[in-house]
Each structure stands twice: as structure tokens, then as C-alpha cells.
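> Top to bottom, those sequences are chains A and B.
Each residue of the first sequence is one higher than the one before, starting from 1 at the first, in UniProt numbering.
Each residue of the second sequence is one higher than the one before, starting from 1 at the first, in UniProt numbering.
Glycine residues also receive a C-beta, built at the ideal position from the N, C-alpha and C atoms.
Given the structure is predicted, the values throughout are model-derived calculations rather than measurements.
Number of protein chains: 2
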Amino acid sequence: MVSERALQVLRAIVEDYVDTREPVGSKAIVERHSFGVSAATIRNDMAMLEDEDLIAAPHTSSGRVPTDKGYRVFVDHLAELRPLTAAQRSGIASFLEAPGDLDDVLARTVRALTTLTGQVAIVQYPSFARATVSHVELVQLGAGRMLVIVVTDTGRVSQRIAATRVDFEEDEIALIRAEIGSLLVGRPVRDGLKRIAARLDDPGLAATDRVAATSEIVRVVAEELEEFRQDRMVMAGAANLARRENDFRGSLYPLLEAIEEQVTILRLMSEMVADEQGLAASIGRENEPFGLSEASVVISDYDATGSRARVGVLGPTRMDYPTNLASVRAVARYLTRLLEEDESGR
Amino acid sequence: MVSERALQVLRAIVEDYVDTREPVGSKAIVERHSFGVSAATIRNDMAMLEDEDLIAAPHTSSGRVPTDKGYRVFVDHLAELRPLTAAQRSGIASFLEAPGDLDDVLARTVRALTTLTGQVAIVQYPSFARATVSHVELVQLGAGRMLVIVVTDTGRVSQRIAATRVDFEEDEIALIRAEIGSLLVGRPVRDGLKRIAARLDDPGLAATDRVAATSEIVRVVAEELEEFRQDRMVMAGAANLARRENDFRGSLYPLLEAIEEQVTILRLMSEMVADEQGLAASIGRENEPFGLSEASVVISDYDATGSRARVGVLGPTRMDYPTNLASVRAVARYLTRLLEEDESGR
DNA sequence: ATTGGCACTCTATCCGTGCGAGTGCCAGAC
DNA sequence: GTCTGGCACTCGCACGGATAGAGTGCCAAT
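#1: Taking the C-alpha atoms as reference points, what is the distance between residue 241 of chain B and residue 187 of chain B?
#2: Between which two residues does the alpha helix (DSSP H) containing residue 142 of chain B stretch?
#3: Quick one: which chain B residues come within Cβ less than 8 Å of residue 298 of chain A?
#4: Taking 8 Å as the CB-CB limit, is residue 262 of chain A close to chain B?
#5: Measure the Cβ-Cβ separation of residue 70 of chain A and residue 23 of chain A and say whether it is below 8 Å.
#6: Beta-carbon within less than 8 Å of residue 245 of chain B's beta-carbon, same chain only, minus the 5 sequence neighbours each way: which residues are those?
#7: Excluding sequence positions up to five away, which residues of its chain have a Cβ less than 7 Å from the Cβ of residue 234 of chain A?
#8: Does any residue of chain A have a CB that is nearer than 8 Å to the CB of residue 126 of chain B?
#9: Cutting at 6 Å between CB atoms, please list the residues of its own chain near residue 39 of chain B, excluding the five before and the five after it.
#10: Can you tell me whether residue 152 of chain B is buried or exposed, with buried defined as 16 or more other CB within 10 angstroms of its CB?
#11: In chain order, what residues of the same chain lie with their CB nearer than 6 Å to the CB of residue 3 of chain A, ignoring the 5 residues before and after it?
#12: Closer than 8 Å, CB to CB, is residue 307 of chain A near chain B or not?
#13: Alpha carbon to alpha carbon, what distance is there between residue 119 of chain B and residue 59 of chain A?
#14: Quick one: which residues of the stretch 142-158 of chain A get their C-beta closer than 8 Å to a C-beta of chain B? List them in chain order.
#15: In whole angstroms, what is the alpha-carbon distance linking residue 194 of chain A and residue 230 of chain A?
#16: Can you look up residue 62 of chain A in the DSSP assignment and give me helix, strand or coil?
#17: Can you list the alpha helix (DSSP H) stretches of 4 or more residues lying completely in the stretch 236-282 of chain A, in chain order?
#18: With a CB to CB cut of under 8 Å and the five nearest residues on each side skipped, what residues in its chain are close to residue 32 of chain B?
#19: By the 10 Å Cβ neighbour count, where 16 or more other Cβ atoms means buried, how is residue 83 of chain B classified, buried or exposed?
#20: Using a Cβ-Cβ cut-off of less than 7 Å, give me the residues of the stretch 251-282 of chain A that come near chain B, in sequence order.
#21: Does any C-beta atom of chain B lie closer than 8 Å to the C-beta of residue 160 of chain A?
#22: Residue 101 of chain B versus chain A: which residues are under 8 Å apart at the beta carbon?
#23: Let me check you understand the geometry: is the CB of residue 106 of chain B closer than 7 Å to at least one non-hydrogen atom of the ligand ZN?
#24: Can you give me the start and stop residues for the beta strand (DSSP E) that residue 162 of chain B sits inside?
#25: Can you tell me whether DSSP reads residue 338 of chain B as helix, strand or coil?
#26: Three-state secondary structure (DSSP) at residue 25 of chain A?
#27: Along the beta strand (DSSP E) that carries residue 301 of chain B, what are the first and last residues, could you check?
#28: So if DSSP puts residue 147 of chain B in a beta bridge, which residue, or which two residues, is it bridged to?
#29: Determine the chain B residues that contact residue 243 of chain A at a beta-carbon separation under 8 Å, and present them in chain order.
#30: Counting only C-beta atoms, is residue 137 of chain B closer than 8 Å to chain A at any point?
#31: Determine, using beta carbons only, whether residue 238 of chain A comes closer than 8 Å to chain B.
#32: Does the CB of residue 134 of chain B have a neighbour CB from chain A at under 8 Å?
#33: Find the nearest neighbour of residue 46 of chain B within the set B:267, B:14, B:75, judged by alpha-carbon distance.
#34: Rounded to whole angstroms, what is the Cα-Cα separation between residue 215 of chain B and residue 321 of chain B?
#35: By the 10 Å Cβ neighbour count, where 16 or more other Cβ atoms means buried, how is residue 80 of chain A classified, buried or exposed?
#36: Taking just the CA atoms, how far does residue 93 of chain B sit from residue 177 of chain A?
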């Protein structure tokens, strides 16, 4: 069992260590914080904390450093979100309020978050789960190419070129479009994929005799639906990892690779369990299954057109959790508001 | 003046240093290469090379290391491209030959190049300079949104949502499309921008009375044209910089930032002057104006639908130039062939 | 439960030393 | 003139020992 004061000592250790990057000793604590007790008392508390594996000593006679478990207790029980300054708030607001479509907004969001936190910022695209197809459009480009466009009600647009190798008449195009549309429009993306797959297996249905060309178009539509199903994200500030290089024992390579791959990070972010405020942190070794055991991720849920996604930052385990939690939450709230306005005020 | 043998000594130094990352001494040279002369003779040659500032000593009594100028002479006069192995060639071929549109092809290209070289790979999109607009399409999404699509003859597609706030009738849309089309289709992108700007200044021309909504659409088209004008690139393998961390004196931060910004690297790549083979290298301090004085860039031109662009790799100055030059050239050739096939064989 | 005191441990730093790699130069051979 | 062997010399670096300093752990007293 750890006493209340011991927890405050833990908080002091975490804060000072994040601040100075130096292991913190009992003397430094009584100097920088006003506990009203002597260093020896603090030492007793520290011994308890060490028994509980909340802090550890890099070597026998040095200050203590928080363990991953220590950080965990800190964010769960000790951290108060550090509210943003007025300047920061108005910064976010002015940065985000410019007009633009979903891509623009998310791109600006991720940049705002990285300047705010100095960490790698990540914004997940709203999930496909509840998205439905709202439009399918075919545009003939000539020379045997057809531009195939699929739009969802969440504002995601996918466009891709099908090499049909033949050109169609206008009315043929209208027929194909109508047929694909009837299969997809108004339906959830995931159902659409099934329906299209069935259509692919039965090319005889074609409303035109250009069977090969038509199924090429259908195949491309299927590809686009598949793309919608996959989670996407935008990321910014990867260079910040290099500024914090010393906080990583090993090379930056695995981290940079995970960032480039995206899929690992998307999985990690998706599997985190948010609290009632929509916030969550995943700390150090907790990320071991993802090969990111020296990093922490802080996320917040946001709402977009009925579907829900996440914004977050990635950085070294030794990060300023109160600030990052507050920043992530603030940005998520702005984003939610912005996307809701967008939805209604039109 | 440097003798012919001195140049061969330079080659040996560059090759060994790139290989081992150790400063190379006269004795090591006579051991690893068969010059048929003694170490003392090599030392005389090395003294000459040092006078010419082609090699330098990290400290008085250690082996020598190529200077940037030394690498330059190596690349210009001594390097023979190291031909790819059959396995590598067929690897590129199988990797690239899958079907897909321009985005797909370039994305695969950049990945092929990064696995081939182990460096950061960059592929410039074909330039807008000679591209012409081939299609303008409007798709009404409902709820006051209009999807605005612009396509060029080089296969680049841009799509963006205009918040018109009102919905149009079908025939209104057709009119607007026709009007914008008549301004742009078949004309170079850069001219289009001027024409659209003129149109923006004179909204009275609108073929419909929904003036505000119409000019919103036109504004979005202008944005898309502007986007075409800007050079674009795809990049892969940034994590490789972390593997070569030791080759950079300072932090990786400026490099990673330049990669994220893209614009610096695009300018650098554009300003390089290729030889008659379409190859070029920019070495170390030569990149000082771009803040990349510890890095080298190797590029090759490629042709795409009449316009020309570049593929390249970025890495530490101490890189394997023969291999990288050969890889970049091979990939550029495959890419040229692929895009030409694509153009004609349809 | 808290405190002051004290012995102890470990690290980081400095200094001196020796070693070895590698150079630079010279005098002689070809 | 070019090449070569030889040799003195220069440094960087690794090693060992000594020292200072930070910080702990424990204990006896309050």
C-alpha cells in the first residue's frame, strides 16, 4: 500500500523527470516542492514506491525515474489536464476555421496538433462503419479510360481510373452507372462490397455487351469500396522524434517505420479504450505488442457525421501527459464542433 | 595535378570508406587492392590527393576520408554504374507491371526504389508544364455540395468539394460545366488559371442567376488548377535515415523536416543538372543552400506522356553512388517504358 | 511517523600512461 | 624521375587508478 503523500511524491518525480530529464533524488524533491517534511521522509516514501514498481533507479546510487507503471498511475490518478492558454485556443480556432473539405480540415488539424504538442500528431479518418455510399459517377476520359468516382455521406471521395480499353456511348454509361448505383447507393459500404462481389461473379447481367470493359469498371468500384473499408490517417511532425532522440534507448528506426507503415499505429489507436471523457493513453511497454515499447500514445475521440474516430499524439514515454491530454482533447472538441457545423449549417 | 594512379587511389579510398565506415590508410589500400606498389608510394599519392582537397584526415595520424569534392570527382570520373543483378531487374519488373493509374504506379515505383537502394526514395510527379486540361466534371452531392473534378491529359485527377449551399437543376449544372469547360478543356493548365481568374473577376457572365454559388464552383476549380501547378512527389523509406544515423554528424531533425515539407527537396531535385544520360548527383555541401549539407541526392530523369520528371534517392554523403546511380536509372527506365506503353497500347 | 546523521555505493571525471595505427620524410635503389 | 624501405613522430584511444559528488539505506533518537 502506498500512502497519499507517497503518491504526491510520485507526481513530483514524474513532473520533475519529464521536465529535466534527470533522475530525481529525495533532496531535489524537498527543494522544488513544499512537502513540509525532510528528505529522509521522502526517501521512505520513495522506498515504498520502488517496492510497488512505480519508480526505479537507473543505478544503485542515483535518483529515481518513473517506471511505465508509474506513468500509468500518474495519468490515471494524479494528472490534471493542463488547460490551454488563451493564445493556444485562439490559435487552434483561427487555424481550423478556414473553409475546406474533409481532407483539408484533417490536414490542418494534424498540423495544429503537432505545433501544439511538439510531438508526432495523428488524425484518424472517420470510420467507414456507418458510412453509406451516396454517389457513384462515371466520367469517360476517352482513349479507353473511365474515371470512376464513389462518394460516401461522410464526405469521403474516391476516384480511380479504369482501363476499359474501349469507349462507351453515353447511354451505355448511363446504364452501367444506374446499375452500379442501384447496387450501392444508400447502402453501407460494407454491404456494398458483398453486392459488388456477387455482381462480379455474374457478369452476364451486364446491361451492355461490352462485358470485359464493364466488369473492369465494376472491379474498380470494388477496389474503391475496399479502400473505404480500410482505416486511414493523416500524420504530421515525424521529425519531432529526432528532436527527442535521447529519450529513446534504441534507434528511431522501428518508430519511423511504424509511422510510415501506418497500419500498426492505426491498430494501436483503434484498440485503445477511452475513458468517459473520450481520452486514453497507452504507455511504453503497454505498446509492446505493436513493437513500440519505448513510446506512448495519447488519444481523444471525436465525432464526425455520426461516426467516431480519434486524434492523437505519439511520443517518447517521457512526455508531458497533462499537456498532451489537454491538447488532444481540445483539438478533438474543435474538430467535432467544426464537423457538426459543417453538417448542419448548410 | 594528380596522376592517373592517384585517381585510382581515390577510387579505392571512396569504395573502402563507403564499405567500412573507417578512415582508410595506405596500408589497408595495398592490402585490399592490387596496385603493385608499396604503401609508401600510395602515401605520396595520398599527399597529392590531400593537397587537392579530395581527401582529408579526421585527425593527424589516421586514415583518410573522402571530402565532398572527392566524392564529386569519384562520381564524375571514376564511378562505373554497378549493373543490377538479374534478380533485382526482375524484381522491379514484377513489382511495377501490375495495372493501376498514375498514383498507383508512382507509389509502387517509390517503394521499389527504396527497397533497392535502402535509402529514402523520391518520385516527382510529371510536371504540369505541358499538361492540358482534358475534363471538367461537376457532380451534385446534394445538401448544397458540388463535387468538382478536373482531369489532365497526363492522367492527374483532382477532386474537391465546393460548398455551394444551394442545389442546382440538371440543366444549370450542364450550363456551368459547359462554360467552365470551354474556358479550360484542351488548354494548358497555366493558361487555364489566367482564364479562370478573369472569369472570377467578372461574375456577371454566369449562365445562371445563382451567382454566389456559381462563383464558388469557379473558385474551387481555380484552386484545383493551382494545385496542378505545384510540383508533387511521393516519398518512401524515410525510416532508413535512422539506420544511417551515424553517418550524420548532427541531428536527423533538419533532414526529416525537409522530407516532411517536401518543397525544399522538390526545389533541390528540380535545380539539379542532369548529364546526357539523364543522371545527376548533388553531394554534401553542394546542398548547403537547401540546408542539407550532410546529405546527397542522386536522380534520374524519366519521361511521362511528353512531360519529364525525376526519380531519386536521398541519403548520407557516404553512400554507394555506383549502386544508387544504377538503381535510379534502371527504375527511371522501367517507369518511362511503363508510362509509354500505357500511353500507346490502348 | 519523522528526523538527523552517517556509512556506503556507484558514477562521472580527470590524469597519466602505454599502445598502435598511420603518417611524413629521407636516403638509397632502379 | 620514380619507387621503396626504414624510421621517427604524432595523435587518438583504451586502460587504470584516484577523487569528488550525488544519493541512497538504515538506525537510533525524538
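So, to answer that:
#1: 42 Å
#2: Boundaries around residue 142 of chain B are those of the beta strand (DSSP E), 133-142, since no alpha helix (DSSP H) includes it.
#3: Those within 8 Å of residue 298 of chain A in chain B number zero; the least Cβ separation is about 21 Å.
#4: Answer no: the Cβ-Cβ gap between residue 262 of chain A and chain B never drops below 8 Å.
#5: With respect to the 8 Å criterion, residue 70 of chain A and residue 23 of chain A are not classified as neighbours on the basis of their beta carbons.
#6: 252
#7: 106, 107, 110, 123, listed in sequence order.
#8: no
#9: Excluding sequence neighbours, residue 39 of chain B sits near 26, 27, 30.
#10: buried
#11: If the five residues before and after residue 3 of chain A are omitted, its C-beta is found closer than 6 Å to no C-beta atom of its own chain.
#12: Not flagged as an interface residue toward chain B: residue 307 of chain A, since no C-beta distance is shorter than 8 Å.
#13: 38 Å
#14: 142, 143, 144, 145, 147, 149, 151, 155, 157
#15: Approximately 15 Å between the Cα atoms of the pair.
#16: coil
#17: 240-243, 253-261, 263-271
#18: 12, 16
#19: exposed
#20: Within the stretch 251-282 of chain A, 251, 252, 253, 256, 257, 260 place their CB atoms closer than 7 Å to a CB of chain B, listed in sequence order.
#21: At a cut-off of 8 Å, the C-beta of residue 160 of chain A has a neighbouring C-beta in chain B.
#22: Under the 8 Å cutoff, chain A gives 160, 161.
#23: In the structure on display, the ligand ZN does not appear, and there are no ligands present to speak of.
#24: 157-163
#25: helix
#26: coil
#27: Per DSSP, residue 301 of chain B belongs to the beta strand (DSSP E) from 295-304.
#28: B:139, B:161
#29: 251, 253
#30: yes
#31: yes
#32: Yes - at least one Cβ of chain A is within 8 Å of the one on residue 134 of chain B.
#33: B:14
#34: Whole-angstrom Cα-Cα distance: 52 Å.
#35: exposed
#36: Rounded to whole angstroms, residue 177 of chain A and residue 93 of chain B show a C-alpha spacing of 35 Å.
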